[in-house]
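Numbering follows this note's numbering, in which position 122 of the sequence shown is assigned residue number 185; successive positions increment by one, without gaps.
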Amino acid sequence: MVEPTRLSLNTATVRERWTLRQCIEGCVRHGIGGIAPWRDMLAACGVDEATRLIAGHGLTVTGLCRGGMFPAETAEGRRQAIDDNLRAIDEAAAIGAKCLVLVVGSLPQGSRDIAGARAQVRDGIAAVLDHARAARVPLAIEPLHPMYAGDRSCVNTMAEANALCEELGEGVGIALDVYHVWWDSDLSAQITRAGRNRLLAFHVCDWLVPTRDLLLDRGMMGDGVIDIPAIRAQVEAIGYDGFVEVEIFSHDRWWREDPDLVLGTMVERARTCV
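Following this line, the structure appears as structure tokens:
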């Protein structure tokens with residue numbers, strides 16, 4: 064059972080119907096203790112106004128989504144990605160985010176060199192790491208399901224994320240999203256390998272069978288096949304006591320619902336299915 068005070072709303076869950084201000088107010092109505100804004104919604108609200116609203120309502124910012132997308136065809140493209148990540152770090156620091164979530168990117172257009180993409184990811188994170196450390200913003204690498212290896216992320220397992228963290232050192236950790244890693248037979252060992260200090264965020268939703276869209280058909284907790292309580296038990300066994308962040312991309316189901324119904328369902332499912 065997870066009480067709503069320990070829940071965090073990733074704003075992607077209701078992004079089609081609510082602004083960031085409405086997300087903040089919705090969290091307060093439903094007793095949800097945390098929020099994780101996406102940068103486009105943050106920009107629309109304004110960083111200063113968002114900071115005021117979040118602090119004024121006593122919410123914890125569990126993360127800012129997202130940085131990353133480091134690989135590019137050209138040196139100029141890679142420089143632009145680094146500049147954007149530096150801005151994202153500053154935004155995360157301004158709103159008091161516990162981490163900046165990195166969806167690291169993958170093959171540049173026309174490339175088949177995934178090893179080269181992974182090298183660009185490593186170099187890109189290294190290029191912004193000193194700035195992140197100075198700003199006290201941990202960088203949370205989010206391993207994505209292998210179905211995204213060609214476009215969104217060439218870091219697809221907890222093992223790969225752990226290896227990057229060990230190579231890059233202090234200030235880099237992991238955002239574990241059950242949607243992306245639930246299938247991994249090595250998951251439990253890799254959670255233990257990460258340890259409490261490296262596990263920066265814990266995201267939940269569910270994997271539907273069948274899944275009609277690989278990006279936009281995630282399920283509400285309890286509607287799919289992921290054993291979420293078992294994974295939560297594993298992360299808590301290593302000492303994780305942070306927020307449980309709900310992030311659901313659902314074009315044909317939850318994005319069409321009244322957001323208050325969505326948040327109410329989140330709260331109920333967190334108590335019974337997480």
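Even glycine gets a Cβ: it sits at the ideal position worked out from N, Cα and C.
**OP:** Could you tell me which residues DSSP puts in a beta bridge with H266?
**Re:** D240 and E308
**OP:** Determine which residues share a DSSP beta bridge with G168 and list them.
**Re:** S216
Subject >> Cβ shell of I145 (< 8 Å), same chain only, five flanking positions each side left out >> reply: F133, G187, A190 and V191
Subject >> Element boundaries [alpha helix (DSSP H), containing I95] >> reply: Element bounds for I95: n/a, residue is neither H nor E.
Subject >> Same chain only: Cβ atoms within 6 Å of V65, ignoring 5 sequence neighbours per side >> reply: V307, A333 and V337
Original post:
Under 8 Å, do D283 and T220 count as touching if we go by C-beta distance?
Top reply: Note that residue 283 is Met in the sequence shown, not Asp. No, they are not a contact pair.
Original post:
Looking only at C-alpha atoms, which of V184, A197 and E112 sits nearest to D214?
Top reply: V184
Original post:
From I204 to L324, what does the alpha carbon distance come to, in whole angstroms?
Top reply: 31 Å
Original post:
What is the residue span of the beta strand (DSSP E) that L127 lies within?
Top reply: L127 to G131
Subject >> Beta-carbon contacts of I311 that lie in its chain and below 6 Å, excluding the five residues immediately before and after >> reply: T76, C268, R281 and W317
**OP:** With a threshold of 16 other CB atoms inside 10 Å of the CB of S313, please say whether the residue is buried or exposed.
**Re:** buried
Original post:
Is L165 closer than 8 Å to G130 when the C-beta atoms are compared?
Top reply: yes
Subject >> DSSP-derived helix/strand/coil call for V110 >> reply: helix
**OP:** List the residues that DSSP assigns as beta-bridge partners of V124.
**Re:** I98
Original post:
Going by the beta-carbon positions, is the gap between I291 and V241 smaller than 8 Å?
Top reply: yes
**OP:** Could you check if S169 is buried or exposed, using at least 16 other CB atoms within 10 Å of its CB as the buried criterion?
**Re:** buried
Subject >> Bridge partner(s) assigned by DSSP for A203 >> reply: V164 and G236
**OP:** Verify whether the separation of the beta carbon atoms of V288 and V272 is less than 8 Å.
**Re:** yes
Original post:
Grouping DSSP H, G and I as helix and E and B as strand, with all else coil, what is G282?
Top reply: strand
Subject >> Same chain, Cβ closer than 7 Å to G234, neighbours up to 5 away in sequence not counted >> reply: L192, A195, R196, P201 and L202
**OP:** Quick one: residues in its chain with C-beta nearer than 6 Å to the C-beta of S216, no 5 flanking neighbours on either side, listed in chain order?
**Re:** V166, V167, S169 and L207
Subject >> C-alpha distance - R78 paired with G94, whole-angstrom precision >> reply: 19 Å
Subject >> Run of the beta strand (DSSP E) containing S251, from where it starts to where it stops >> reply: That residue, S251, is in no beta strand (DSSP E); its alpha helix (DSSP H) goes L250 to R261.
Subject >> Cβ shell of R259 (< 7 Å), same chain only, five flanking positions each side left out >> reply: I301, G302 and Y303
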